[in-house]
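Worksheet for the structure shown next.
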Amino acid sequence: MQRFINDPDRVVEDTVSGFVKAHADLVRLGNNPRVVIAANAPTLGKVGVVTGGGSGHEPAFIGYVGRAMLDAVAVGELFSSPTARSFHDAIKAADGGKGVVCLYGNYAGDNMNVKMATRLAAKDGIEVATVVANDDVCSAGPEAREKRRGVAGEIFMWKCGSAMAAAGANLEAVRATAQKAIDNCRSIGVGLGPCTLPAVGHPNFTIEAGTIEIGIGHHGEPGIRVEPLKSAAETARDMCAIVLDDHGLSLGSEVAVLISGLGATPLNELYILNDTIAAEIEARGLKIHRTFVGNYFTSLEMVGATLTIMALDDELKTLLDVEVRCPAPF
Amino acid sequence: MQHFSNAATGDIVLAMADRIIANKAYLSEIDGKIGDGDHGVNMAKGFGMAADRLRDGSYRLSEALDTLGTVLMSEIGGSMGPLYGVMFTGFAESLPKSDAVDSTAFSRMLHAGLDEVQSIGGAKVGDKTLLDTLIPAIEAFDQATGSGATFQNALVALRTAAEAGRDSTIDLVAKIGRASRLGDRSRGVLDAGATSCALILVTLAEGVTMKLTS
């Protein structure tokens, strides 16, 4: 594959540098070049909201820094957790004196680095609460939800948690709302083609031509089955069934829907998926409050898509509809 | 009673860095089979950065270990940065204030590092991680000293157990970390973390052995 890169070992530095130049009205860098900070952060008297994760998922994670959105993001290597120091620096940058909530995804490295950053922040006198996203249905069974990975549902968690903090809620209220948001999310990924870390040079997983992998993870983690490629409508119905069967929502529930491309799938195909997904959700007696279709949480140049469905109550609906400004088209 | 001098052994950390850097491609190759293939690159980067800070002077072992741990923790992310970071800072903090390190103090140092790794990790023996090297190595050292072996002979036991522990990971199915997503497909290859941990422990044991005095 042909790429726009300068040096495979400097992909993250060059990405962040270009990102900050593009969005200087909304974001800035501090002393640590691996921490992207909202231009207006920290806000005195507001709970800070941070996240962090490996690079290669743009616009996640850095694209969700902004006004009424995340205050700071720790940036890792491609597909690799940020350091504890970067999480710690993000927490310090977001601290407005009312504590900081760290909303991140369930991966071994992130869990360790956030835990260490939380200890370091405690020495600075900053209280940190955490919420760990685990919305990826196929990464573990319903009896082991705590083992599931976090994927695109994190965006809804960030949005609701950030809006709650912007409204002046205290640390525990922000944490509880972000926890509720992610508890109400279920996601699934389907893969049609793999991706390659530039420094490695070859794909570290394969998807055979003519096949689709159902339940694939954001870094190519194996899904629950590989089957012959089928139509968009059949794929969409499969995705809805897996997500909604796990969800178990009652008739008449309102939901938000997020369909994200994984990097190399054209937008029109995401709309083709949504055509069936929307019909399928309504056929199950649910009401769609809002739909987001686009490249919200990608995996380098992976071909595929994710579907996230969040069940809404009045509070989450209000928070989801708060106007924000951030580099991601959200 | 055999012991070594904390003040005169900081260069053991340089030897560790050399060993890791020499095995950079090998560690990445193993990791590439069931992980994302960056273990050697990340380890060599972290150990190399620490070595650069230590090459210009003479450091106590505790200072050199602290520098290494701090660099790994603050510059290398992923899972290995924090795990090895806390292990080495744990080693550093537990070395005795007095200069002489005997086998009792050395064992205490190993346990302090292990405790730190377990406090952030959550893996156990058999999960196909660096603990499959570290735990049997410490147990073998303690068992040897407990049955009256000299410090030097206990270090031989530590090395042998570290290498056997590393080799044990071939037949294991990963239970934690990225390789665990592969289930049974993770069987049949060495764990990269267990392999780098064996390199570290063997180099540590060799270095200490050369500095032992009675």
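One line per chain: the protein sequences are V and U, in this order.
The numbering of the first sequence is my numbering, which starts it at 1050 and goes up by one.
The numbering of the second sequence is my numbering, which starts it at 157 and goes up by one.
Think of the CB as a built atom: it goes at the ideal place given N, C-alpha and C, for glycine as much as any other residue.
Min CB distance residue i to chain V below 9 Å
| i | result |
| --- | --- |
| G339(U) | yes |
| I332(U) | yes |
| G233(U) | yes |
| V242(U) | yes |
| S230(U) | yes |
| D194(U) | yes |
| G277(U) | yes |
Chain U within 9 Å of residue i, Cβ atoms only
| i | result |
| --- | --- |
| K1164(V) | yes |
| Y1320(V) | no |
| Y1153(V) | no |
| T1064(V) | no |
| P1243(V) | no |
| T1347(V) | no |
| P1131(V) | yes |
| H1267(V) | no |
| R1047(V) | Here chain V covers residues 1050 to 1379 and nothing more, so residue 1047(V) does not appear. |
| F1128(V) | yes |
| Y1113(V) | no |
Contact set for residue i: own chain, Cβ-Cβ below 6 Å, skip 5 residues either direction
| i | result |
| --- | --- |
| D255(U) | S161, N162, A163 |
| G1301(V) | none |
| R315(U) | V358, A361 |
| G1272(V) | C1187, E1262, I1263, G1264, I1265 |
| D258(U) | M157, H159 |
| G1148(V) | V1096, E1176, L1220 |
| L266(U) | I294 |
| G241(U) | G225, L228, M229 |
| L346(U) | I186, T325, I326 |
| A1215(V) | A1117 |
| L286(U) | G349, A350, C353 |
Cα-Cα separation, residue i to residue j
| i | j | result |
| --- | --- | --- |
| K1196(V) | N1155(V) | 7 Å |
| Y1345(V) | F1379(V) | 8 Å |
| S370(U) | D167(U) | 20 Å |
| L338(U) | T1064(V) | 30 Å |
| Q299(U) | T306(U) | 11 Å |
| S1066(V) | D1294(V) | 43 Å |
| V169(U) | G225(U) | 11 Å |
| R1194(V) | V329(U) | 21 Å |
| Y1153(V) | T1179(V) | 8 Å |
| I1321(V) | E319(U) | 55 Å |
| D1184(V) | V1223(V) | 19 Å |
| G1202(V) | D1232(V) | 9 Å |
| E1218(V) | V1084(V) | Here residue 1218(V) turns out to be Ala, not Glu, going by the sequence shown. Roughly 25 Å separates the two Cα atoms. |
| V1122(V) | V197(U) | 24 Å |
| G282(U) | T325(U) | 8 Å |
| T1260(V) | L1278(V) | 5 Å |
| R343(U) | K284(U) | 9 Å |
| I1086(V) | A1139(V) | 7 Å |
| G1242(V) | T1092(V) | 43 Å |
| K1141(V) | A1332(V) | 47 Å |
| N1363(V) | F1068(V) | Here residue 1363(V) is Asp; the residue named in the question, Asn, does not match the sequence. Looking at the two C-alpha atoms, the distance is approximately 35 Å. |
| V1182(V) | M205(U) | A small correction: the amino acid at residue 1182(V) is Ala; Val does not occupy that position in the sequence shown. About 33 Å. |
| T1357(V) | N1323(V) | 12 Å |
| V1076(V) | D1120(V) | 9 Å |
Cβ neighbours of residue i in the same chain (closer than 8 Å, five flanking residues each side left out)
| i | result |
| --- | --- |
| E1126(V) | V1061, G1103, S1104 |
| K201(U) | E231, I232 |
Other residues of its chain near residue i: CB distance less than 7 Å, five sequence neighbours each side excluded
| i | result |
| --- | --- |
| D194(U) | S184, D187 |
| C1209(V) | T1226, A1227, A1230, L1365, L1368, L1369 |
| H1137(V) | A1166, L1169, A1170 |
| I176(U) | M199, A200, F203, S352, L355 |
| A181(U) | G196 |
| D1058(V) | A1248 |
| K189(U) | V345 |
CB-CB length for residue i against residue j, believed under 8 Å
| i | j | result |
| --- | --- | --- |
| G1269(V) | F1254(V) | 4 Å |
| M229(U) | A1133(V) | 6 Å |
| A335(U) | G191(U) | 5 Å |
| A1124(V) | I1111(V) | Just to set this straight, residue 1124(V) is Val in the shown sequence, not Ala. Yes, they are in contact, since the Cβ atoms of V1124(V) and I1111(V) sit about 6 Å apart, within 8 Å. |
| N1143(V) | A1071(V) | Here the sequence assigns Ala to residue 1143(V), which means Asn is not the residue at that position. Wrong, their Cβ atoms sit about 22 Å apart, outside the cutoff. |
| I332(U) | A1157(V) | 6 Å |
| L1319(V) | G1310(V) | 5 Å |
| V1306(V) | I1337(V) | 6 Å |
Taking the runs of the alpha helix (DSSP H) that are 4 residues or longer, which of them lie wholly in the stretch 269 to 357 of chain U? 287 to 302, 307 to 324
What residue ranges within the stretch 177 to 240 of chain U form continuous alpha helix (DSSP H) runs of no fewer than 4 residues, ordered along the chain? 180 to 190, 195 to 210, 217 to 231
So within the stretch 1082 to 1166 of chain V, which uninterrupted beta strand (DSSP E) runs reach at least 3 residues, ignoring any that extend past its ends? 1084 to 1087, 1097 to 1104, 1121 to 1127, 1149 to 1154
Within the stretch 1156 to 1234 of chain V, note down every full alpha helix (DSSP H) run reaching 4 residues or more, in order along the chain. 1157 to 1172, 1202 to 1215, 1220 to 1232
Of all the alpha helix (DSSP H) runs that stay within the bounds of the stretch 1323 to 1374 of chain V, which reach a length of 4 or more residues? 1363 to 1369
Which residue spans inside the stretch 1230 to 1266 of chain V form an unbroken alpha helix (DSSP H) run of at least 4? none
If contact means a Cβ-Cβ distance below 8 Å, which residues of the stretch 194 to 212 of chain U contact chain A? As a matter of chain content, chain A is missing from the structure shown, whose protein chains are V and U.
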